[in-house]
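Take a look at the structure set out below.
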Amino acid sequence: MRRVSPGLAPLVLGLALAAACHPGVAALVGVGGANRPIAIGRLAELALNHLLLAATGLAIVTVLGVGLGLIATRARFAAFRGSIDTLAAFVQAVPPVVVVALALPVLGFGGPPTLLALTAYGIMPTLRGTVGALDSVSREARESARAIGLTPVQVLVDVELPLAAPGLVETLRTALILAVSVTAVGALAGASTLGTPIVAGLQNQNIAAMLQGALATAALAFLGDGLLLAIGGWIRPDREQNAA
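Residues in the sequence shown are numbered consecutively from 89, following the working numbering.
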């Protein structure tokens, strides 16, 4: 229980925010005829679409960001490390809304431009977090692994990645929260996400719908963050035990 305790607070908060999205609760906020909460079935449908789109974007960002981080930390690619980081920073410098707008004529409406924005905005923090986690592995650990005859791939898989695992989990936490938040922007491109009631609520001054969309988005972010914190809690003790 102590291992997963770091994730309990975000999980509890996420569940509380999810409960606050109920139409009966949202209807208590705001005044006037525009205060029309979204039905729970429709909200659940939007949340599922949001989750699937965010998870897809997170998977793409993880593969690209972690992959580039692995490349940047290899000795043979050391000369390209600065260029890789600069390229990732340049891609993230473009706001997600602009990425979505520029992608619409080429990719059309819906999920594709949203995934492009997710990828562009999430690569840099994932790349830098991966590099930082791998750089935290001591040189002595690597040299000891080479001394017993491990190949470079074995050193990476059996030594570097296990020791860097807690840092990688923290990196994925950041990437997950970015993915959940940027997915809401996809509503501007016609993607059916929890950003849809936010955008519609802004247009119609429907405070209840805006509140439901915002709270549900935050709930997904906290629930995912709590889950990754719990995973990190399981990993960290194992790392400390192995180091001892």
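Idealized CB from N, CA, C, for every residue including glycine. None of these values were measured; they are calculated from a predicted model.
Quiz item: How about alanine 272 and leucine 264: do their beta carbons lie closer than 7 Å?
Solution: Here residue 272 refers to the residue found at position 184 when the sequence shown is read from its first residue. Here residue 264 refers to the residue found at position 176 when the sequence shown is read from its first residue. In this structure, alanine 272 sits away from leucine 264, with a CB-CB distance that is not shorter than 7 Å.
Quiz item: CB-CB under 8 Å to leucine 311, same chain, minus the five flanking residues each way: which ones, in chain order?
Solution: Within the sequence shown, residue 311 is the residue found at index 223, counting from 1. The residues are Pro98, Leu99, Gly102, Leu103, Ala106.
Practice problem: Give a yes or no on whether the C-beta atoms belonging to valine 270 and alanine 167 are separated by under 7 Å. | Solution: For this step, residue 270 is matched to residue 182 along the sequence shown. For this step, residue 167 is matched to residue 79 along the sequence shown. In this structure, alanine 167 does not lie closer than 7 Å to valine 270 by Cβ.
Quiz prompt | Same chain only: Cβ atoms within 6 Å of glycine 320, ignoring 5 sequence neighbours per side | solution = Residue mapping note: residue 320 aligns to position 232 of the sequence shown, counting from 1. So the qualifying residues of the chain are Pro254, Val257.
Quiz prompt | Proximal residues to isoleucine 128 (C-beta, below 7 Å), its chain only, five neighbours per side dropped | solution = Locating residue 128 in the sequence shown gives position 40, where the first residue counts as 1. Answer for isoleucine 128: His110, Pro111, listed in chain order.
Quiz prompt | Ordered list of beta strand (DSSP E) runs contained in the segment 232 to 318, each at least 3 residues | solution = For secondary structure counted as the beta strand (DSSP E) over 3 or more consecutive residues, the segment 232 to 318 holds no complete run.
Exercise. From the DSSP output, in three-state form, read off arginine 216 for me.
Key: Sequence index remark: in the sequence shown, residue 216 carries index 128 (1-based). Reduced to three states, the DSSP call for arginine 216 is helix.
Quiz prompt | Nearest-angstrom Cβ-Cβ length linking alanine 267 and alanine 221, presumed shorter than 8 Å | solution = Counting from one through the sequence shown, the residue named residue 267 turns up at place 179. Counting from one through the sequence shown, the residue named residue 221 turns up at place 133. Alanine 267 to alanine 221, Cβ: 19 Å. No contact.
Self-check item: Exposure of leucine 290, with buried meaning 16 or more beta-carbon neighbours within 10 Å
Solution: Sequence index remark: in the sequence shown, residue 290 carries index 202 (1-based). The Cβ neighbour count for leucine 290, taken over all protein chains shown within 10 Å, is under 16; the residue is labelled exposed.
Quiz item: Should the segment 233 to 246 be regarded as contacting the segment 172 to 183, the criterion being three or more beta carbon pairs within less than 8 Å?
Solution: Too few Cβ pairs lie closer than 8 Å, so no.
Quiz item: Is the number of C-beta pairs between the segment 294 to 314 and the segment 223 to 236 that are closer than 8 Å three or more?
Solution: Short answer: they don't touch.
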